[in-house]
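**Student:** The first sequence begins at 648 in our numbering and counts up one residue at a time.
So that we are looking at the same thing, I have put the structure below in structure tokens.
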Amino acid sequence: MKQLDELEEMIELSKRRGFFWPSFSIYGGSAGFNDYAPLGSILKNRIYEEWKRAFTVIGGIEIDSPNITPERVLKASGHVDKFIDMAVACSKCKTRYKLENIISAPGSSRIPETLKEADEMVRKGHFKCEKCGNELTNPYEFHLMFQTQASDETFYLRPETAQGIFVNFKLLLNYNRGKMPMVVYQQGKGFRNEISPRQGIIRQKEFNMAEAEVFLPESGDDNFIPDSNEKLILHDMNGVDHNISISEAVKNHVVGSNNHGFFMQLIYNFVTRIGVDKKRLRFRQHRKDELAHYSKECWDLEVNLNGSWLEIVGIADRGTYDLSRHIRESGENLYYEGEKIARVIEPAAGMDRIIAALLVSNMKRRENTYSYMSFPPEISPYRVAVLPLQKKDGLLEKARELFEALREIEPYTVFDESGAIGRRYARQDEIGTPYCITVDYETLERDIVTIRERNTTKQIKNVRIESILNFPLFLKNPILKEFQN
RNA sequence: GCGGGAAUAGUGUAGUGGUUAUCACAGGGGCUUCCCAAGCCCUUAACCCGGGUUCGAAUCCCGGUUUCCGCACCA
């Protein structure tokens, strides 16, 4: 078998065991789309639960708004103008240029609004291809948002979930009885017409995101204060690495505000809590020239995969950009306390990339070369497996009886009777099931079983069945604490 | 989007014009063992799609799709 890199290995495992796979494959597939398979679907839900938890414990509230968004909304947000690029390709050497970059050269004019206008400007400008010197002609539009029509109105599939929150600001603030700061989060799909989707779930045309809009009072910086002393790597806009805690980073003005720092910390805690390897993480600050049209300061949480850095969460300071725009375009009162406009910090997570990071982080290999997934038990798709030591002598029936009972308190329980016991442990290891319960001859005699832990392969013998079934949450069972010693 | 490789069971692969399409792992069944993918037997399962060349195509040619690597793009 050829040597796979860690990403290829993860993709291979995902297809084989059922975390995710390419969509529509019986019809030849379609680039940039993937299905979450059965295990991946559970995993994704688990991660969303943790995301919700992280924001709910600080008082956040959740909404769920449509994917299909009227043009007016995205016009106001700036996406319609910023997301439809015009480009020119060199007819000789095929090099492509963004029209914006070519025209906006020396002291020149505004950006054209229509294709006709662009064509005219390109003709007059006599722009030359930088590579081969050929003259550039025939600009074309490049849509980064998917467009659709309904009853003569133009809609787009949303490129981010954020706007669904901004347009609801007034209703949300009213719901929140006027209280600021206000934290609103949303999970859902986002859509971008990527030119070249790559690497499974890492770059897709339709993807899962989770965003939170943190609405802050106009002034002050004491609403949320980071308080962790854990040192992280902060790679600033000048390319300098700071190995300091976020609290220190705020004091040293590496990070712009306490509020911003707090949410960087919250995101870091969330991502590491679900099991992404700390050693693979760093924060990287956006340079001025790469900031989004709405953003003043932005820190990406990046994960190291295959030796290169990949953005998994962005924490952006959007300032008052979005609310101001919607106030202007809609004419609605999106102020608080009269004339004040809330400032916004936005953590925006790419859930699919987090899942990729999680899978790669947890793929472990034993000395005997067999592999296991070291997910935290709360995150593992299945929490426990029930295995008869063999099928004969009533063990199968006894095990099934335990399985049926256990499933009532822990639905994510697997039953596996086929093949040798070692093979079944290995099977559960590969999908990350943290505990296996084995039913053997002593179970028949004395109602006791053996529990085996995934990461260590250690076993606890002589566990009474009733002491398993008496706990409403299997993972909270004190018996499992023994594995921690 | 461009350029170059590639596409064969669930996964990884062998196969340079005529094969019953190779092998391993995984899966299912059985025997054996009875706590870590052991062994033996049986078994399920594949040539990306569409055209063309040819008596004959998994194999050669063209187009498409997907995928990988570069370039570009990534608000």
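The C-beta atom is built at its ideal place from N, Cα and C for all residues, glycine as well.
Is DSSP giving tyrosine 832 helix, strand or coil here?
**Tutor:** Mapped onto the first sequence, residue 832 falls at position 185. If DSSP states are grouped into helix, strand and coil, tyrosine 832 belongs with the strands.
**Student:** Do asparagine 1057 and arginine 1030 have their C-beta atoms closer together than 7 Å?
**Tutor:** Locating residue 1057 in the first sequence gives position 410, counting from the first residue. Locating residue 1030 in the first sequence gives position 383, counting from the first residue. Strictly speaking, residue 1057 in this sequence is glutamate, with asparagine absent from that position. Their beta carbons are under 7 Å apart, which means glutamate 1057 touches arginine 1030 by this criterion.
**Student:** For the segment 884 to 900 against the segment 851 to 864, do three or more pairs of beta-carbon atoms, one drawn from each stretch, fall closer than 8 Å, so that the two count as touching?
**Tutor:** Touching, no, given that fewer than three Cβ pairs across the two stretches are closer than 8 Å.
**Student:** Can you check which of these residues, Val1096, Arg1099 and Thr919, is closest to threonine 1023 by C-alpha distance?
**Tutor:** Here residue 1023 corresponds to residue number 376 of the first sequence, with the count starting at 1. Position check: residue 1023 holds proline in this sequence, whereas threonine was assumed. Cα-wise, what sits closest to proline 1023 is Thr919.
**Student:** Does DSSP put serine 756 in a helix, in a strand, or in coil?
**Tutor:** Here the question's residue 756 lines up with position 109 in the first sequence. With a pLDDT of 46 at serine 756, under the threshold of 50, the modelled position of this residue cannot be trusted; read the value that follows with caution. Residue state, collapsed to three classes: coil.
**Student:** When burial is assigned at 16 or more other CB atoms within 10 Å of the CB, is asparagine 1124 buried or exposed?
**Tutor:** Here residue 1124 is taken as the residue at index 477 of the first sequence, counted from 1. When all chains shown are included, asparagine 1124 counts as buried.
**Student:** Can we say the segment 892 to 903 touches the segment 980 to 989, given the rule of at least three CB pairs closer than 8 Å?
**Tutor:** These segments do not touch.
**Student:** Please go through the same chain and pick out, in chain order, the residues whose beta-carbon is closer than 7 Å to the beta-carbon of serine 1008, but skip the five residues on each side of it.
**Tutor:** The sequence position of residue 1008 within the first sequence is 361, counting from 1. For serine 1008, where only same-chain residues beyond five positions count, the Cβ hits under 7 Å are Gly922, Val923, Asp924 and Arg927.
**Student:** For isoleucine 842, tell me which candidate among Val814, Phe730 and Thr1016 has the shortest Cα-Cα distance.
**Tutor:** Start at 1 with the first residue of the first sequence, and residue 842 comes out as number 195. Selected option, being the one with the closest Cα: Phe730.
**Student:** What are the partner residues of lysine 1011, as DSSP defines its beta bridges?
**Tutor:** As a first step, residue 1011 is located in the first sequence; it is residue number 364 there, counting from the start. In DSSP, lysine 1011 forms a bridge with Tyr1019.
**Student:** Measure the alpha-carbon distance for glutamate 1092 versus alanine 1032 and round it to whole angstroms.
**Tutor:** Counting from one through the first sequence, the residue named residue 1092 turns up at place 445. Counting from one through the first sequence, the residue named residue 1032 turns up at place 385. Cα to Cα, the separation comes out at about 21 Å.
**Student:** For alanine 797, does the count of other Cβ atoms within 10 angstroms reach 16, so buried, or fall short, so exposed?
**Tutor:** On the first sequence, residue 797 is found 150 positions in, with the first residue counted as 1. Answer is exposed; the Cβ neighbour count stays below 16.
**Student:** Quick one: complete alpha helix (DSSP H) runs, 4+ long, within the segment 798 to 876?
**Tutor:** Runs of the alpha helix (DSSP H) inside the segment 798 to 876: 809 to 813 and 816 to 822.
**Student:** Is the beta carbon of glycine 1134 less than 7 Å from the beta carbon of leucine 686?
**Tutor:** The shown model of the chain, from 648 to 1132, leaves out residue 1134, and the question about it has no answer.
**Student:** If you count every other CB in all the chains shown that lies within 10 Å of the CB of threonine 1080, and 16 or more means buried, which is it?
**Tutor:** Sequence index remark: in the first sequence, residue 1080 carries index 433 (1-based). With 16 or more Cβ atoms within 10 Å of its Cβ, threonine 1080 is classed as buried.
**Student:** Return helix, strand or coil for proline 1058, following the three-state DSSP convention.
**Tutor:** Here the question's residue 1058 lines up with position 411 in the first sequence. Coil.
**Student:** Check the C-beta distance from isoleucine 1095 over to isoleucine 1084 and give it rounded, since I have them as a contact under 8 Å.
**Tutor:** Sequence index remark: in the first sequence, residue 1095 carries index 448 (1-based). Sequence index remark: in the first sequence, residue 1084 carries index 437 (1-based). No, isoleucine 1095 and isoleucine 1084 are not in contact; Cβ-Cβ is about 11 Å, not under 8 Å.
**Student:** By the DSSP assignment, the alpha helix (DSSP H) with serine 894 in it spans what residues?
**Tutor:** For this step, residue 894 is matched to residue 247 along the first sequence. First-last of the alpha helix (DSSP H) with serine 894: 893 to 898.
**Student:** Rounded to whole angstroms, what's the CA-CA distance from leucine 863 to serine 977? Just pull it up for me.
**Tutor:** In the first sequence, residue 863 corresponds to position 216, counting from 1. In the first sequence, residue 977 corresponds to position 330, counting from 1. C-alpha separation (whole angstroms): 21 Å.
**Student:** For histidine 973, does the three-state DSSP call read helix, strand or coil?
**Tutor:** On the first sequence, position 326 is the one that residue 973 refers to. Histidine 973: helix per DSSP, three-state reduction.
**Student:** On the DSSP letters alone, give me the boundaries of the alpha helix (DSSP H) that histidine 907 sits inside.
**Tutor:** Within the first sequence, the letter at position 260 stands for residue 907. Here the alpha helix (DSSP H) through histidine 907 covers 905 to 920.
**Student:** Quick check: what's the CA-CA separation for alanine 963 versus histidine 940?
**Tutor:** Within the first sequence, residue 963 is the residue found at index 316, counting from 1. Within the first sequence, residue 940 is the residue found at index 293, counting from 1. Distance between the alpha carbons of alanine 963 and histidine 940: 11 Å.
**Student:** Okay, do the segment 800 to 814 and the segment 831 to 842 touch, 3+ Cβ pairs below 8 Å being the bar?
**Tutor:** Taking 8 Å as the limit for Cβ pairs, the verdict is that the segment 831 to 842 does touch the segment 800 to 814.
**Student:** Quick one: what's got a C-beta closer than 6 Å to isoleucine 1001's C-beta in the same chain, skipping five residues either side?
**Tutor:** Walking along the first sequence from the start, residue 1001 turns up at place 354. Excluding positions up to five away in sequence, the list reads Ile959.
**Student:** For tyrosine 674, count neighbouring C-beta atoms within 10 Å of its own C-beta (all shown protein chains included) and say buried if the count is 16 or more, exposed if not.
**Tutor:** Working through the first sequence from its first residue, we reach residue 674 at position 27. Looking at its Cβ environment, which holds fewer than 16 other Cβ atoms inside 10 Å, tyrosine 674 is exposed.
**Student:** Only counting the same chain, and skipping five residues up and downstream in sequence, which positions put a Cβ closer than 7 Å to that of leucine 1122?
**Tutor:** Residue 1122 sits at position 475 when you count from the first residue of the first sequence. Taken in chain order, the residues that qualify are Pro1024, Glu1025 and Arg1030.
**Student:** Tell me the DSSP secondary structure of lysine 1039 in three-state form.
**Tutor:** What you label residue 1039 is simply residue 392 of the first sequence in a count that begins at 1. Looking at lysine 1039 - three-state DSSP - the assignment turns out to be coil, as it is neither helix nor strand.
**Student:** If you count every other CB in all the chains shown that lies within 10 Å of the CB of isoleucine 992, and 16 or more means buried, which is it?
**Tutor:** Residue 992 sits at position 345 when you count from the first residue of the first sequence. That one is buried.
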